[in-house]
Structures are given as C-alpha cells and as structure tokens.
Amino acid sequence: MGNFVVWVVWVMAAFACLGSGAAVVSFSNPYYSALALIGNLGSLAVLYLLLSAEFVAAAQVLVYAGAVMVMFLFVIAYLGRHADAPWAGGPNWQALGAVAAAGALMVEIVVVIGLKASGRLSHGPEIGAGFGSPYEIGKLFLTDHLLAFEITSIVLLTAAVGGVVLGSHARGEEERA
Amino acid sequence: MSSWLATILVFLPLGGALLVWLLPVGRVAGPLALLIALTEVGFWINGLTLIDFDRTSGPSFDQQTTWFSDLNVSYHVGFSAFSFWLAGLAVVVMAAAIAYGFWVGRERPRAYFGLMLFLTAAVVGVFASEDLLLFYVFFEAMMIPLYVLIGVWGGPGRLGATVKFVIYTMAGSLLMLAAVIVFGLSSGSFDLVDSNPSNSTWLFLGFAIAFAVKAPLFPFHGWLPDAYRESSPEVAAVLSGVISKAAIFGFIRICLGKFPGPFDDFRNVILALAVVGLVYGSLMAFRAPDVRGVIAYSSLAQMGLITIGVFSLTSMGVSGAVLQAVNHGLISATLFLLAGAIERRTATGSLNRLGGMARGRPALATVLMVTGVIALAVPGSSAFAGEFLILAGIFGFGWGWAVAGATGIVLAAMYMLRLISAVLHKEPGPAVSDAALDLRPAELGIVVPLVACLLALSMWPAAISERVGDENTPLFPQKAEFPAFPGSVP
Amino acid sequence: MIQTPSVDWFALSPSLVALGAAAICLLSAVLTPRWLLRPFAAFVCALGFVGGLVMASLVYWKTPEAHLIVADAVSRDRFAAVAQLIVMGSGLLAVGVSYSARMRQDHIGEYYALLATAGAGMAFLVQAGNLMTLFLGLEWFSVCLYILCAIETDLVGSLEAGLKYLIIGGMGSAVLLFGSALVYGSTGELGFSAIADATRLHDLSGDPILLVGLAMILAGLAFKASAAPFHMWTPDVYDGAPTPVTGFMAAATKAVALVLALRLLSVAFPEKEDVWTIAVAFLACASLAWGNLAALVQTRVKRLLAYSSISHAGFMLIAVAAANQLGARALLYYLIPYAAISIGAFAVVAARERELGETVTLENLSGFGWERPVLGAAMFTFMLGFAGFPLTGGFMGKFLIFSAASERGWNWLVIVGVAATLVSLYYYLAVIRAMYMRPAAELGLAPIGGSPPREVLLTSAVVAAMIVNVGAFFAIQPLVDLTRTAAQALPL
Amino acid sequence: MKGPDLTWYLAVAAFLFAIGALGVMLRRSPLIVLLSLEIMLNGANLALITFSRHHGQLDGQIFALAVMAVAAAEVVVGLGLIVAVHRRKLELDVDKLSTLRG
Amino acid sequence: MIAAAWVCLLAPLGAALAITLGGTRLSRRAAGYLATASVATSFVASTVAFFSILGDPAEERTHLSTSWTWLSAGNFDVGLTLLVDPLSIFMMLIVSGVGALIVGYSIGYMHGDEEERRYFAYMALFVFSMLLLVQSGNLLLLLVGWGLVGLSSYLLIGFHHERPSAVAAAKKAFIMNAFGDATMALAFFVLIQRTGSLSFDSSFQWSGDNAGSWAVNLVALGLLGGAVAKSAQLPLQTWLPDAMEGPTPVSALIHAATMVTAGVYLLVRAAPVFEAAPHVQDLAAGLGAATLLVAGLIALVQVDIKRVIAYSTMSQIGYMFLGAGLGAYANSMFHLMTHAFFKALLFLAAGLVIHALLGEQDMRKMGGLRQFLPRTYAAFLIGALALTGIPPLSGFFSKDSILASALAAGTYGQVLFAVGLAGAFLTGLYTFRMVFLVFGGEPSPYAREHFHKPDRSEPWLWMSLTVGVLTIGAVVAGWIQFAGIWTPLSDFLRPVAEPLVEPSGAQDLLASFLAVGLGIAGVAVAWAVYSARTLTVPQARVVRAVLEHKFYFDELYDWVFYRPTVLLARTLRDYVERPVLLGSIDAIATGARRIGNEVTELQTGLVRTYALAIAGSVTVLALVFVWVK
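Protein chains in written order, with this note's numbering: chain A, 1 to 177; chain B, 1 to 490; chain C, 1 to 492; chain D, 1 to 102; chain E, 1 to 629.
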C-alpha cells in the first residue's frame, strides 16, 4: 500500500524533474529558465527524500532553491531581459551534433545501467532509521570527511573573493568616468 | 694526463665557448677563440705522440664515469685508432674555419665564435664518445650551433636552407634516437664497448638511415645543395669537411661494430646507394652552375665512395675509407674556403661569370690548382691512395662495384677540371675585375696549412692507412671475419 | 562525543603554508597602503611558495614509506611531495613573472592571494586519496584559475578566456563527478585503494558501470591536462589569460593533472590496466598529432606555446600509458624541466608584450634575441628544451619517456613520439628564427617604451628557469634518484 | 516502503546529465549555460545519492552535499564573470565571445 | 749507384719546388737555369749509375731501394721503392739527357714569356714524374709516375691557359689518360686480389704460373689500356694532335721524346705479364700496326707543321708497339731511343721556324725558308731523313730492326711487316711533303713579310746549341747497334726482357732493303708532287674528307661518350634532382601546414563547439571502454 504511494510520488516527482529540466534548456528567456530550474531542484529534493536522504533534501531546498537561485534571479534582473532562440546561431552542424551527443550519452549510460541492473541494483541492505539524518551526516563530516568539509569552505571563500574581484569593477570604472 | 686527453679535447672548446659568451667585450672574442682552437690542435698533436694505435683492449684515453645509473648510461669517452684521426681532422678544420671567420670579421663576434667553439666541442665529442647516448647527445648538439651559424650568418636564402637542413637531418637522427633507446634497453647498457652486438634489422636501419642522411648518401641529400650554398664559406667547409664524417664514424663504430649481421644483409643495398651516389653526385657536379655547387655535389660523390670503402668490409677498404675521410675533409674545407675567397673578390660564384683568375694571381692559382688536382685523385696524391685502397677493397667483393667506382673517378676528373678551368683559365669573366687581388697573406696562412697537410699525407698516406686498426682492434666487430684480400684464392 | 580523526598537519603543511600566505595577502589588500601593496603581497606570496617548497622537501625527507592519513582522505608519500615541489617552484617563478605586470592596481592583493590559493589547492590535490578529495581539490584550484584568467577585466580577451574556461571547466568537472558517482556506485567505495580492493574482492573488473565511470574520470583528468580531444579550450584560454597566469597554468595544472591521473589509475584501477593504458596511449597520440599540426600554422606566440603544451601533454601521457616504474619516474622527471621552461617561455613572451604593448607574434618577435641577449638566450634554450634537443632537460625527459614506452614493449609509441618531435621542431625553430635570423632590414622593432624596461624579478625568474632546464640535463642523477624513490610510492 | 527500483532513479539522473549537457552545447546565453551546468551537477548528485542508498552508506550523500557547495561556488564566479562582461557593454552571447580562435 | 738513382729522381723535384716557392724572388732567367741544371744533374747521376751498373755481372744488375712504406693496409703494403736495372737506367739516360737538352732549349724559346717560372717549374715537375715512372720499383709507384706525367702534360698543354683551345686540349689529354689510369688500376686490383701485392716479382711470378688464365688476360688488357692511352695509340689517339697547343719544347719533350713512349716502356717492363697473355700481346702489336698506318695517312693532309710531326710520332710509336708486341723488346727500345733524338730534333727545328715566323704554324703560309734559315734547314733535313730511315742515320737501324723482327715472327708478324712497309712509304711521303712545303721553293709572301732574323743573343744560342747537339744525336744514335753484327744494347737489356724473336741476317737484309726502298720512294713522290709539281694530288674528296677529319674519331667519341654524359647529367638534374629529391621536401612541408590549417579550422572559438567536442569524446571513450571488455 505504502509502496503504491511511493510509486505515485516518484512518478510525479520524476516527471516534474524531467519536464523542468527540459524547460530550463528550451526556454528562450533566462528568467523562465531560472524558475524552471527551481522547480527542477524542488522535484529533485522529493526524489532525495524517497531515497531517504532527508538532510540532503533539506539542503537542496535551502541552499539551491534558496540562496543560489535567488542570486541567479538577482543577476538576471540586474542584466535585464536577454532572450535568445535556443536553436539559433553557431555553425549548422552544432545543434545537430549537440542533440546527437547528448542523446548518445544518455542512451549509453541508461543502457549500461540496464545491463548492470539485472536485479543487482536493488535498494541494498536494510538501513537504520537514522540513515541520512543530520546527525549521521554531521558525524561523518566531522570524522571520515573532515577534510572535504574544510575544503568546501575554502572553495566557497575563494569563490566569494572571486565574486568581489570580478563583480566589483565599479570602482575602477567610476575613476575613469 | 693521458687518460684525460679525450675529456680535455671535448671540454676545452666548450669552456671556451662559455667564456666567449660571457665575455663583456666582443673585440677579443675572435683572438680568444682562435687561441683556444689552436690549443686544441696542440692537444691533439700531443695525443698523437701518446696514443698507441695498435692497442687491442678498448679505446685509448679511455675515461668513464656514471652519468645516470638507472639505464647504465655513462660519460664514456676515448678514441679508437680511426676516430682519433677523424678528431684530428675536426680540430684542424675547425681551427681553420675559426681563423677564416676571424679574418673576415663576422659581426656579433661573441655569438659567432662562441658557437664555433661549441660546434668544435660537439664534433670532437661525437668522435670521442664511447657511450651510445653520449654519442647521440653530441650528434644532436652539433645541429644547434649549425642551425644558428647558417641561419644568422648565411646567405640570402638561408632561412629556407636551415629549416630544410635541420628538419631533414633530424628526421634521420630522431629515428636513431628510437633505435638507441631500444638497443640500449635490450642490451642492458648504452656503452659502446660493453654492449653486445645485436641482430635486429630494424635497429640497424634506424642507425643506418640517420647516418645516410647525415653523410649524405643518395637519395637522402635533399638538404645538401641549399645548406652548402647558403651557409657562409667557413661553415660550409665545416659542414662538408667535418660534420659529414660523423656519419662515417657511425657507420664504422656502430653499424659495423654493433650490427655485424644486418650489416652483412644490407651490404648490397647500401653499396648500391653509395655507388649510385658516387656517379650521380659526379654528374650533378659536372653540370653544377656555380663553384659551391660543384664542391657540394662532389662531396656527395666522395661520401658515397667512402661508404663503399666501409661496406667493403675489408681492412683495405676500411683503412682506405678512413684515409679518404680525412682527405676529403681537408680537400672540401680548403675548396670551400677558396670559394669564399673567390666570392669575396667577385661577388659571385656562378662559373659563367668567372674565369681567367690565374693570370696575375699566382698564389690563388697555385693553391686552387694543387687542391683541385689532389681532389681529382691524381695518382700520387693522398686522395688517390685512399680511393685506390677503397676500390681495391671492394673489388674482391664484387668487381662491378670497383668498375663503377673507377668510372666515378674519371667523372671526378671531368668536373674538377671543369671547375679549375672555369675559375682560373680562359679570358677573364665579367665578374673578374683587376681589383680582384691575389690571396692575402692572412688567407694563405689559413689555407696553406690545410694544403700542407694534404701534401704531407700524399708523401706518406700509410701514416693513416696502416693506423686505423685491423681485425684485432676493438674497431671491428668480433664476429665478422675480416679477409685482408676479399675472395683471394689460395 | 564524536571522535575526530587525528590530523597529520605536517603532511598537509605545504598547502597550509601557501594557504596562510594567501590569507595574509588577502588581508594586506585591505590593510596595507597602496604604495606598499604590490611589493608586500608579492613578497608574502613568494614567501608562501618558498615555505611550501621547504615543507614539501621536509615531507619528502620524513616520509620513507607511503601511508594514508586523516581518515584515509589523503595520502602522505614522496610521489605527492615531488609533485608539490614542482607546483611550488612554478608558483614561485610565476610570482617573479607577475611582479612587473601592468595589472589593475586595485586587485593586487587578491591576485597574489588567488595565486597562492591555487598553489595550495594543487599541492592538496596531488595527495588526494579518495574521489571526493580529488573532486574538491580539483574545484579548489580550478575556481582560483577561473578568476585569475578573467582578472584583467578591462581586456575582452581575458574575460572571454575566463568565461570559456569556466563553462568548459564546469562541464569537465561535471563529467568527472558523474564518473566518480558511477565508480562509487559500482564499488561502493570512494578511497582509491579501497576501490581497487573492492574491484578485486567482488570481481568487478568486467562491470560496465565501473568502466564507464573510469572513462568519464579519465576524460575529466584529460581535460585538466588539456589532452586531445579534450583540449580545445586550451589555446583560447592560454591566449586570453594574463601571460603570467598562462605560464602558471601551463606548468602547474598540467603537472598536477598528470600526476594525479597516474596516481588514480595506478592505485584505484590496477585491475583495468589493460584497458586504460590503451586509452591513455590513444589520448597521447591524439594530443601529439593535434597539438603539433595545429601549432605549425600559428603566428601568435602564446597560441603556439598553448598548442605545444597540448603536444607535451601527449608526451607525458606516453609515460602514463607505459604504466611502469620507469614511466612514473619519467613523468616526474619530465615535469621538472617542462614546468620551468613553460613558465620561462611565457615570461619572455610577457616581457616582449610589455615592450610592444601588443600581442606577440612571430613577426614582431624579430630581433628580440639581439636586443635582449639574456632573455633571448634563455628563450633559445627553452625552445631547444621543448624540442628535446640535448643539453636541455627536455631531451632527457623525452629519452626517459620513450625508454619507458619501449620497456613496456610499445615501440610503436616511441615511433609516434619521435615523429611528433620531428614535426614540433618546425615551429620551435621558427621562434628562434624569428628572434635571431630575420634579415637586418626587419630587425630592431623599436619598443614603444624606448629602452627596454629593467625587470629584475622577471629576468631572474627566466634565468632560474634556464638553469633548471640545462641543469636537469647534466645533473640528471640526483633528479632520477629523487623521482625513483617517489615513484616507488605507487603500486606499479 | 521500497518504491521503484533504483535503476529508474539512475535513468532520471542520466537524463538530467544529458539534458544539462545539451543545454551547454546548445544555448548561447551564458546565464542559461550556467543553469544547464547546474542541471548536470544535479544529475550527478542524484546518481550519488541513489548509489549511497544502494550501498547503504552515507558517503554518497556527503559527496553530494560537497558538490552542492562547489556548484554554488561556480555559480558565484560565473555570475561575477557575466556581470563583468555586461559592464564591458558586451552582448551576453557566448558566440559573440569568440575573438580568440584558430 | 742507389744514391745516384735517388739524386737523379729528386733533383728535378727540388728544382720544381724551389721555383714554386721562390716565386718572384727568383728571376725568370734563374728559374730556367735552375731547371736546366737540375735535369742535367739527373743526367749526370744516371750516367754514374749506368757505369756503376756496368761493373756488375750481367745477372745481378737489378737493384731495389726502398725509402719508406708509402701505402699499406692490413697486410698489403707498397714501399716508395726505386728499381735500378738496365731497362730503367736506359730510360733514365734518355729522359734526363733529352730532357736536359730540351729544357735548355726552352730558356731561349720561352724567353720573354711572362710566365717563364711556371713553365720551368712544370718542366722540372714533368722530368721528375717521368723519372719516377721509369725508376719505380713496383706497379703502384709506376702508376703514380704514370699519373704525374699525365698531370704535368695537362699543365703544359694548357700552359697558355687564356687560350680556350689550349684548355680544352689539356682537359682532353688528361681525361683520356685518366681513362687509361683507371684500366691500369683495375688490372692492379686483380693482381692485389690474387697475389696481395703489387711488386714486380710477385706479379710476374704469378702471371707466369697461371699463364693464359682469364685473370692474367684481364691484367694484361688493363695494362695495355694504360699503355695505349699514354702512347696515343688507337683507339685512344685523338688527344695527341690537340696536345700541340702546348709550347713547342713541350711537344718535343713530352709528346715526342719521352712521355708518349712510356706505353712502350710499360709493354717491355711488364713483358712477363704480356707473354703470359699472348693474345693481348698480339693485340698490342696489331694496334701498333694499325696506328702507324692510320697516323701516316692522316699526316698526309695536315697543314699544321707541328701536327704533322705529332702524327708521325704516333706512327713511329706504332712501330715500337709493333716490335714490343711481337717480343722484339730491345729493338723497340732501340727505336724509342733513336726516335727520341730525331723527333726532338724535328720539333725543335720546327720550333725555330715557328719562332722565326712569330708563332705561325700553317705550312701553307710557309715556303722557301731554306734561304732564310739554312742551318735550321740542315738540321730539319737530317731529322727528316732519320725519320724516313735513310742510312746511315739513326732511324734506319732501329726501324729496320723492328721490321726484321716482324718478318721473323710468323705469319701474323709478316702481315704486320707488310703494314710496316706501307708505313715506311707513307713516312717518306708526309715527311718530305713537310720539308718541301716549308723549306722548298721560292719564299712565300707571308714568309717574306713576317720573317724576322733571330738576333744572335744568348737565348738564340741556347736554342741553336741544343739543335746542334740533337742533330749529332740523330745521326750517331743509331750506331750503337747494328743488327746481327754488333748488339750491345740488346745484350744490355737482355736480362730484363728476353726477346722472343731473333731475325736472321737474311731477314735483316730483306727488311732493310724493302724499307729503305719504300722510304726513298715516298720521298720521290713527295718531291714530284710538292717540289717539282710534276704530279698533282688526286682529288678524292671522300678520302680527303675522311683524312682531314682524322677518320672521325673525335666526332665518334663526342657522340658516344661526351654528349650522352652531358645529356644524362641534364636529365637527372631536371627530372630527378630538382623535382623529386629537392621538391619532395617542400611538398611534405606544405602538406603538413595544410593539415595544420584544416585542424585549426575546427578551433571555431565557440565555447559550445568545445563542449560538443568534450561530450562527444566522452561518449566515444566510454563506448570504447565498454566495448573493449
């Protein structure tokens, strides 16, 4: 019974995910694309939940759908409306090749997984209730993946500096102007 | 001291080059370089008194230190009997070339003379190296100064000529690099004395082609005409006189010494190339429109002849080859320097604008005549001795080779006489004015020693021919038996 | 109470020192007065790299046998230490080159901070022990480089380079990431050696997922090493980025990418050696062919060098493909002179660029050798080193690499390498020709600044590079010993 | 509660990855290209989490979290670049940014 | 005597070096004296050697002296060895004696030429080379001398090097001789291969042991090739007439008295080899006969006085070949000696004529010079008579002894004997044609206006003195041997070359009778045609054309050898060298660059393309990975 509900939720989430993903690529207006991406991230969070990764799901919603996308929207608003037709421009073989390559890539991975997936790729061992809970995650972050945790901070800091360096051109310009 | 001689011969010019480069003032570069070159000659002569030509255990002045141990590469230098002669040729000709450059007064003297000294070191190193990788290093190192010397101080078409020259010769020597690596790894050591002979055809070809390009042998001489025409005379002298002998060294020391089996298998092929080259080069020289063209193609022919001697695989042939290598080195060096002198006076090298230079220019006439006559191997000249030995050596292997070689020699008479009479004889050509003076004392001082060497060798060619080692010395492969007179029936 | 693992600070010290220097630079950007900023930041940054050098050599000295540290996240071994030495050295040279660059005044501090951070990231990456640290380390210095490329925001070229690098780099790391995901999925492990064990344990060597994952990881690394056919961003980015940054990228990025590739492949995928050696060999051939042929027709020197760096990636991939101790040795040895001469070469280009105030082409390089004897001579040796002429470390590097291939029994690969070298001669010699051999009429393009500027740091950096290049030839024994013990850290 | 087999999740992941790649290859607006990169990373994340579920370890999830941070970092830098480009009065079109070529 | 031999050899060399190095510090005249003195020294030395050798018993007159090993390799070595034996002494005497006279003559003849020094240096060099040739103690050294005389002949023929014709003639002479050298060298290669040495003894020993074998025949042929080339016998005779471009004394010394006779010397010296290859020896005789006939015929139509003498030289050497080929070694050496005298005399007298006419050599412009130059006329006449073989002049004895031997040498010999007789007739004819054209009749207008009386200055004295001495020689030289009765020369040479034929007294008488008769007949015809004008020359156009074109040998060689060589060279240069061997490089280079351009076309600068490249490559790579497994 519960299984059925899971199925329904999964199907809805999955299709939302695929649809929004496709939408991001195909909208001509970045603004809509960004919105579509928010949807995509949300539906992904649902899938994470189904995979019993609560903390990740939460983080997904907060970090991504929250912070990152907001930043995106700000920038888009700042730059104003820049639309471009998805299929236009570039050498004529570009679009064709792009579709072909992307399709091939997906098909390949899917096929490979299908090959492998003959039964073995089930939900592995039974997992405890705490699986994916903030406590477990945090513990791992402090033990096994301490370094990763630290490095992440470094990367973020660097990125911040970069944002300042690249974005804060104003000073120089005003001096010139 | 005596064990250090090879090292000294290699590193004295190298140090000199560095000294000249780092020198603050350019004016003293020339004299300094000349001094070093002469010292080099002095050391070689000293070695001549010390060396034991008949030693059968390893090279003389043998010196070895590990370079890097992983692959058993070592700095191993020394002289076999025959390579010592080639080294002597190198130091003498280089000294003459440096002197010529100094007399002409090349611009940017520091760079120029530094490079010349560097070149000296590299060439001597080639002849001195007893380690395969070391040999390759010097073999390649020669290209560096040559590239610049031709490219900077060469003639109008020098840019194209240098590219052709470097790329072409490197094509050969890079193949050799592959061969060196495979050989060294398979035999576990890069040492030329210790490593065992190999039977791999491919490796042999790797080496042989490199040397065939360097020599050059027909049909690998595509770089030759331009390089010899565009480079300045003294560099051309070095090119044809000394650099090409590196190939002969390789043929004898490596192809013959390390690949007796394939050497036998490919004898006929290479002999064919050499003979064709001999005749072909002579024909080209016979029709060449300018002085340098004649000399250039004649040295193509001569290298073919020398190669015949090496591949005759008889002590006569090989001795003759070494003797002839020295002769040809001196001859073509002298001829190129004279060509330079002529071009300085007439601003052209094309034969139909020259002529009649003998009248009123006795020194030029005499020197050119003597050299040319020796070059066409008039009996009694050292060149005659060398060619006689070579052909006598090859005769028993196949009389056809000897006959072809003999025709080559008749052709040599034809083109050399053509050159002489076109420059010296008949009515003065349009480019020859009375302002074109006779050779200056300085020029004589540069050229005459070379000619003197030739005449001395003509008096006593045996000095070299009986001192290149025979089947007992390490020069020759252990396995290949070595008939004194091929096919001689008891 | 959570038991945090013991952290071997000493092992991490090289990157930590550089990171500390970066922090100080960052602060100095705000705290020091303008006139002091440039020398101070540069000095601190250089100090950081020197410290990195010192610590790395200490680690090398104190680490007889390899082992994993900090909960198996990173490994402490001499292999990494040597790689860190190379990174730090090139960072130091880069500082010297950058110093007199006409750079936007108001980001000096950040510039050096980012340079140091990038160095730290690379130093960290080479000792990565599992897929996560690998990915993070990669992103760490990549982000720095994205910014550094674009830091000359006044120049369109710089911006374009940054954006291109960012987009393509993002894609590359995404590929790498997905690959790691697949590998993780197949083996359930992130640690390199653990992956190998799992593969052996569950006999997964035939597992398609693992294979695809491996392929994707390989692609990601090949991308960073700018090996064909994942190299297409290289010329544009190298061309557009500020020249000192280009030099640093060319030297260090390639180094770490290749070192890491060798470590990952040899530690994590020994079971698949038969597969990935072939693949790497293929990449090597592709890079050699593409890089050299494209370089033949270049006129802009920076682009030319970019393509040449692609072909050199090919050479070093030969060493990786050899997959033997000799190969590992050859790779490390090759990197030492290579790093020095690529930075040196770009430094010379930078010097000429500042003289002329325009992009350096073969045309306007003419006469340079005679005008600036020291730089000219250095460039001469650099070109010889690239081309693998004797008396330069480049020759010995090629020699070792070919030997490695031959030892594996792949003489055909040697032939390919030799042929590539031959083609490469053409354009390396073209540079020398441009510098020295132009007819007198074309000589002496008057630099806009009149007499050439005295750039002490840059010159000394170039000379240092030249010394490394030539010294590596003569003093090969110690370097080979260094690399031998380093290579023994790998299970080859 | 099991729900669908993990293969399906992976299929979705693969699709996301591919569609993201398609976006990068297809779109000229740098903003949308950045978004597409995000999608690619998210596809990878989904794969990671799925596998971590499959193995019953949390490593994958940790990895995914780290990736999120990194993705954020990339976005920051990317947006900074885009703003800088905009400041230089250049059109926001990656095809127009092709002064370097050949 | 060994010392004497060395002095004899080295004195001229010393002079040559001294003159060369002395340069302008040496006055022209001094150079002449030096050269003459040195050659005279050689003559004295050889006389000393001669008398000292006479002291030895007949069988121990062979002495070898080696100074040092000249060439050696492996266990082959050749010493710088001198051989002193009757044959070499005989040649030394001729060479140095006649040489001394002619060099002395040159002091007068070359007086006033601005390059006297060069001339005398060359002359000394030549004498040295010739002495080396005849004194050499092994075959290789003989070849060395052989080549060096060729060289000096080249130098002297081309002495007037501003004259293209002279240069061309010199080249022609050298290259034809080079061909001869080559054949000799090949013969030596065979010897080396078989015996491992080039000493006379071992070679003769070996050829004696396997006589008639292919190898021996090859060796003999090679030697014959050298001899034929050097002695301007058919078919390599064409260079000699052109060689008259050189100064007249040169023609006298090199192209009459000494060098061109070296072939005969070789035939005699290497007699054992030739005897071991009888067919080749017969061939030599046959060639000699053919040459003497052909040369005699051509001489009939020549108008250049020196060329006439040159052709007569060819035909006389033909006699010598005939003799040597039939094994009458001593006789042909005898004729060699007498010929040296009277032919040198003729040339030098002709030189006087030419000198007096300011260098004019065309006989048609001469005539009636008897009145202007009576003494010269006398000398010339004596020489002519000797050449024709009129007793008791020298030519008579030597030529007839050869003919007698031919008569004695079987049917083949008798055929050649007939040819020889015909030659005798021709000799008389063309010789006296020359005499009458030059000296006979009334002075021609050209002679009248161009003749200048030689001043009785020192140079003139040198010239006339020499001519006088040679005149005496031409008269008496024959008296040292009188066939069948008094044969010191034959006995002297016997130990070296045992003659194969010994004519009987009757044969001697018959030969002499016929020869002299035909000679006189020839003279008579010449008198009738050119002096008394009672007979007129038959207008046989074809014959005349053939003779004037010297039987078209030059044209033949031009078409068969020279032109094809040039054509081949051109073809190779234009169709192989330039397009293929040189062009291929550029083609490869451009090809590589074109590919490079193609490759960089892909570098569109569009980031999307790069992304596409990555995605595509990943796909392929992964596919390959999965597929490989």
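Don't be surprised by glycine CBs; every beta carbon is placed ideally from N, CA and C.
- When rounded, the separation of the alpha-carbon atoms in residue 29 of chain D and residue 160 of chain C is 14 Å.
- For residue 451 of chain B, the enclosing alpha helix (DSSP H) stretches over residues 441–459.
- Boundaries for residue 260 of chain E: no alpha helix (DSSP H) harbours it, and the DSSP string shows neither H nor E there.
- With contacts defined as CB atoms closer than 8 Å, residue 254 of chain C and residue 225 of chain C qualify as a contacting pair.
- Chain-ordered, the chain C residues with CB closer than 8 Å to the CB of residue 617 of chain E read 219, 229 and 230.
- Interface annotation, residue 60 of chain A: not in contact with chain E, CB-CB separation never under 8 Å.
- Beta-bridge annotation (DSSP): residue 5 of chain D is not paired with any residue.
- Of all residues in the region 196–220 of chain C, those with a C-beta nearer than 7 Å to a C-beta of chain A are 207, 208, 209 and 212, reading in chain order.
- Residue 210 of chain E sits in coil when the DSSP states are folded into three classes, being neither helix nor strand.
- In this structure, residue 48 of chain D places its C-beta atom within 8 Å of the C-beta atom of residue 184 of chain C.
- Against chain C, the CB of residue 57 of chain A has no partner CB under 8 Å away; the residue lies outside that interface.
- Of all residues in the region 132–144 of chain C, only 132, 135, 136, 139 and 143 come within less than 8 Å of chain D when Cβ atoms are compared, listed by chain position.
- Taking 8 Å as the cut-off, the beta carbon of residue 515 of chain E is found closer than this to the beta carbon of residue 389 of chain E.
- Close CB contacts of residue 328 of chain C within its chain, under the 7 Å cut and outside five residues either way in sequence, are with 262, 487, 490 and 492 (chain order).
- Within chain E, the residues whose beta carbon sits less than 7 Å from that of residue 171 of chain C are 611 and 614, listed in sequence order.
- Among the CB atoms of chain A, none fall inside 8 Å of the CB of residue 189 of chain C.
- For the pair of segments examined, the region 298–306 of chain C was found to touch the region 237–251 of chain C: the number of CB pairs separated by less than 8 Å reaches three.
- Residue 87 of chain B and residue 98 of chain B have their C-alpha atoms roughly 16 Å apart.
- Residue pairing for residue 304 of chain E: DSSP places it in a beta bridge opposite E:362.
- Separation of the CB atoms of residue 429 of chain B and residue 354 of chain B is rounded to 4 Å, and the pair is thereby assigned contact status at 8 Å.
- Among the residues facing chain D, residue 576 of chain E is not included, as its CB has no counterpart in that chain under 8 Å away.
- Here residue 486 of chain E is bridged, per DSSP, to E:482.
- Taking a Cβ-Cβ cut-off of 7 Å, the neighbours of residue 21 of chain D in chain E comprise 615, given in sequence order.
- Per DSSP, the beta-bridge partners of residue 79 of chain B are B:60.
- In the DSSP assignment, residue 232 of chain B falls outside any beta strand (DSSP E), carrying neither H nor E.
- DSSP places residue 68 of chain A outside any beta strand (DSSP E), giving it a letter other than H or E.
- With fewer than 16 other Cβ atoms inside 10 Å of its own Cβ, residue 107 of chain B counts as exposed.
- Annotation: residue 375 of chain C has no Cβ neighbours in chain B at a cutoff of 7 Å; minimum Cβ distance is about 15 Å.
- For residue 531 of chain E, there is no enclosing alpha helix (DSSP H), as DSSP marks it with neither H nor E.
- For the C-beta of residue 146 of chain A, the chain C residues within less than 9 Å are, from N- to C-terminus, 4, 5, 7, 70, 71 and 73.
- For residue 79 of chain E, the enclosing beta strand (DSSP E) stretches over residues 76–84.
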